[in-house]
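Participant: Have a look at the structure that comes next, please.
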Amino acid sequence: MSDNGSSAETGVTPETGVTPDTGATAEMPSISTEVLIIGAGPAGLFQVFELGLLGIKAHVVDSLKQAGGQCTELYPDKPIYDIPALPICGAQELIDRLLQQIKPFGAQLHLGEEALELKKQDNGRFRVLTSAGTLFDAGAVVIAAGVGSFQPRRLSIEGGERFEGSHIHYRVKNAADFHGRRLVIFGGGDSALDWTLELAPKAASIALVHRRSEFRAAPASVQRMHELVAAGKLRLFEGLAHSLLSDAEQLKGVQLKSTHGEQQLLDAEHLLVFFGLAPKLGPIADWGLTIHRRTIAVDTHRFQTNVPGIYAVGDINDYPGKKKLILSGFHEAALAAFAVKEHLRPGEKVHLQYTTTSPLLQKRLGVSGEAGDSAPGNPGARHSA
Ligand SMILES: Cc1cc2nc3c(=O)[nH]c(=O)nc-3n(C[C@H](O)[C@H](O)[C@H](O)COP(=O)(O)OP(=O)(O)OC[C@H]3O[C@@H](n4cnc5c(N)ncnc54)[C@H](O)[C@@H]3O)c2cc1C
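Residue numbering for the sequence shown follows our numbering, beginning at 559 and increasing consecutively.
Here it is, written out as structure tokens:
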């Protein structure tokens, strides 16, 4: 899925040559961009801003369907207390503010696309292929991939892999596919409960299985679920999936094991599993970067990896004294932006400028005339152009 708001300095060009590693063919069109940012968490979003102030355009890819990384995916409603000058800020609010702050730079967000392959070309540029088949031709790459791509936690059961996508599902693409079917839903969070409530009136039969009696889902959903159980419209089980019952092609059922060791066979055509998401470094591990304990080694003045032109900011990077804080990611993004500029335009002079007083920076921010250049001698915010 691609967001709108394409940048003036990027465009689609046909690729020449064949890259066996990326599977890209001669005719495959690519998106040409000065910088590709991998990851739309707080560090990746702020990277757009810092590059934008320097007049550098970027595209952003993220495997999640929404921007925000851990803030949005793991703790959107929690307050954060250590963002400078914001004594308290909700995690989702922080992401909304960052999205607002980067608006002037028109970076295109490619959401729901995992960056799979990254390869340096003979001309020094980078080709990045995503899971959606989008091919980027980038002058520099900033990896802001946090703790990695979020992947659904899988059902650990023998023989389960061969039914994934056909009879075992980790997300619902089309609810109608499950109407009139015999379903077993696993999980105790909001996704499990929401889909249970949604599908209960439409399924041929439905059971909910959770490993314990307490649920993490919204109390109203839990109450409604218990009402359906009391009305005989839903069966509820406490336990874990133990084994599958199937023939060659068809899933027939699932055997449960309760916490007390009792077994129970449930008739089922489809298993819907909602155990949440877990981060995985994934394809980044294969890009020829120096990786130590699932983090990418960088220097501390450019945040460059062992491959010139590839930078890493935020939770994904590692250097002496690294702290996995949003604040650190912001600092790293600022310095990486300067380094990226030097990489893209070597020898070009970089003048330090302030957003409070620089007409150029204000023009880039789209605030010309609003902020004015009053208060001489008061540096306020700073940047270079
Ligand atoms: C419960 C909790 C509370 C926290 N509270 C605080 C706090 O109070 N203060 C604080 O400073 N920090 C806090 N943190 C830590 C903070 O959330 C992280 O430091 C921050 O999110 C890191 O930002 P990031 O942009 O580097 O990475 P992330 O937020 O992890 O974002 C990385 C993004 O990259 C994407 N990605 C990864 N690999 C790929 C790929 N191959 N292709 C495409 N996309 C990819 C991921 O999908 C993800 O969206 C908290 C963390 C948690 C879990």
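The C-beta atom is built at its ideal place from N, Cα and C for all residues, glycine as well.
Which whole runs of the alpha helix (DSSP H) in the stretch 741-779 are 4 residues long or more, in chain order?
Facilitator: Counting only runs of 4 or more, we get 748-757.
Participant: For Phe694, which residues does DSSP report across the bridge?
Facilitator: Paired residues: Ile589 and Val686.
Participant: Return helix, strand or coil for Pro917, following the three-state DSSP convention.
Facilitator: DSSP places Pro917 in helix when its eight states are reduced to three.
Participant: Quick one: is Pro600 buried, meaning 16 or more other Cβ sit within 10 Å of its Cβ, or exposed?
Facilitator: With 16 or more other Cβ atoms within 10 Å, it is buried.
Participant: Is DSSP giving Val944 helix, strand or coil here?
Facilitator: Because residue 944 is not part of the residues shown, which for the chain are 559 to 943, the question remains open.
Participant: Taking the C-alpha atoms as reference points, what is the distance between Ala673 and Glu756?
Facilitator: Roughly 33 Å separates the two Cα atoms.
Participant: For Ser771, which residues in the same chain have their Cβ closer than 8 Å to its Cβ, ignoring the five residues on either side in sequence?
Facilitator: Cβ neighbours of Ser771 beyond the five flanking positions: Glu796.
Participant: Would a C-beta distance cut-off of 8 Å place His800 and Leu814 closer than the cut-off?
Facilitator: A contact, by the Cβ cut-off of 8 Å.
Participant: For Ala649 and Asp635, I'd like the C-alpha separation in whole angstroms.
Facilitator: Spanning the two alpha carbons is a distance of roughly 6 Å.
Participant: Go ahead and pull the three-state DSSP assignment for Pro710.
Facilitator: Pro710: strand per DSSP, three-state reduction.
Participant: Looking at ligand 1, does it come within less than 7 Å of Val699, judged from the CB to the closest heavy atom?
Facilitator: Every heavy atom of ligand 1 is 7 Å or more from the Cβ of Val699, so no.
Participant: List, from N- to C-terminal side, the alpha helix (DSSP H) runs of 4 residues or more that fit wholly inside the stretch 846-909.
Facilitator: Counting only runs of 4 or more, we get 884-902.
Participant: Can you give the beta carbon distance from Ala826 to Leu741, rounded, assuming they're within the 8 Å contact cut?
Facilitator: At roughly 7 Å, the Cβ-Cβ gap stays under 8 Å, so Ala826 and Leu741 are in contact.
Participant: For the beta strand (DSSP E) that contains Pro837, what are its first and last residues?
Facilitator: Residues Leu835 to Lys838.
Participant: Using 8 Å as the threshold, is the C-beta distance between Phe861 and Leu893 below it?
Facilitator: Taking 8 Å as the Cβ cut-off, Phe861 and Leu893 qualify as a contacting pair.
Participant: Going by the beta-carbon positions, is the gap between Ile614 and Val898 smaller than 8 Å?
Facilitator: In contact: Ile614 and Val898 (Cβ atoms closer than 8 Å).
Participant: Nearest-angstrom Cα distance between Leu885 and Ala598?
Facilitator: Roughly 16 Å separates the two Cα atoms.
Participant: Could you check if Ile646 is buried or exposed, using at least 16 other CB atoms within 10 Å of its CB as the buried criterion?
Facilitator: The residue in question, Ile646, is exposed, as its Cβ has fewer than 16 Cβ neighbours within 10 Å.
Participant: Which two residues bound the contiguous alpha helix (DSSP H) that contains Asp654?
Facilitator: First-last of the alpha helix (DSSP H) with Asp654: Ala649 to Ile660.
Participant: Since Leu603 is in the beta strand (DSSP E), which residue starts that stretch and which ends it?
Facilitator: Run containing Leu603: none in the beta strand (DSSP E); it sits in the alpha helix (DSSP H), Pro600 to Leu611.
Participant: For Pro841, which residues from the same chain have a beta carbon less than 6 Å from its beta carbon, with the 5 sequence-adjacent residues on both sides left out?
Facilitator: So the qualifying residues of the chain are Leu674.
Participant: What distance in whole Å lies between the Cβ atoms of Ala870 and Gln605, which are believed to be in contact at a cut-off of 8 Å?
Facilitator: Contact flag wrong, Cβ pair sits at about 11 Å.
Participant: Please report the straight-line C-alpha distance between Asp752 and Ser779, rounded to a whole angstrom.
Facilitator: Going from the Cα of Asp752 to the Cα of Ser779 covers about 7 Å.
Participant: Report yes or no: do three or more beta-carbon pairs, one from the stretch 695-713 and one from the stretch 619-628, lie closer than 8 Å?
Facilitator: With a cut-off of 8 Å, the stretch 619-628 and the stretch 695-713 count as touching, because enough Cβ pairs lie within range.
Participant: With which residues is Ala673 paired in a DSSP beta bridge?
Facilitator: Per DSSP, Thr688.
Participant: In angstroms with no decimal places, state the Cα-to-Cα distance between Leu798 and Pro662.
Facilitator: Their backbone Cα atoms lie some 50 Å apart in a straight line.
Participant: What's the C-alpha gap between Leu602 and Asp640?
Facilitator: Strictly speaking, residue 602 in this sequence is Gly, with Leu absent from that position. Each residue's Cα considered, the two are about 19 Å apart.
Participant: What does the alpha-carbon distance come out to for the pair Ser590 and Leu611?
Facilitator: Computed Cα separation, rounded: 20 Å.
Participant: Between the Cα of Gly626 and the Cα atoms of Ile653, Val865 and Gly819, which residue gives the shortest distance?
Facilitator: That would be Ile653, whose Cα lies nearest to the Cα of Gly626.
Participant: Classify Gln920: buried if its beta carbon has 16 or more other beta carbons within 10 angstroms, exposed otherwise.
Facilitator: So Gln920 ends up on the buried side.
Participant: Using only CA atoms, which one of Pro642, Arg711, Val925 and Leu786 lies nearest to Lys838?
Facilitator: The candidate whose alpha carbon is nearest that of Lys838 is Arg711.
Participant: Hey, would you say Leu594 sits closer than 8 Å to Ala696, going by beta carbons?
Facilitator: Their beta carbons are under 8 Å apart, which means Leu594 touches Ala696 by this criterion.
Participant: Who pairs with Glu631 in a beta bridge, going by DSSP?
Facilitator: Looking at the DSSP assignment, Glu631 forms no beta bridge with any residue, so it has no partner.
Participant: Smallest Cα separation from Thr857: which of Thr848, Asp873 and Tyr877?
Facilitator: The identity of residue 857 in the sequence shown is Asp, whereas the question assumes Thr. Looking at the Cα atoms, Tyr877 is the closest of the given residues.
Participant: Helix, strand or coil for Ala616 per DSSP?
Facilitator: Strand, per DSSP.
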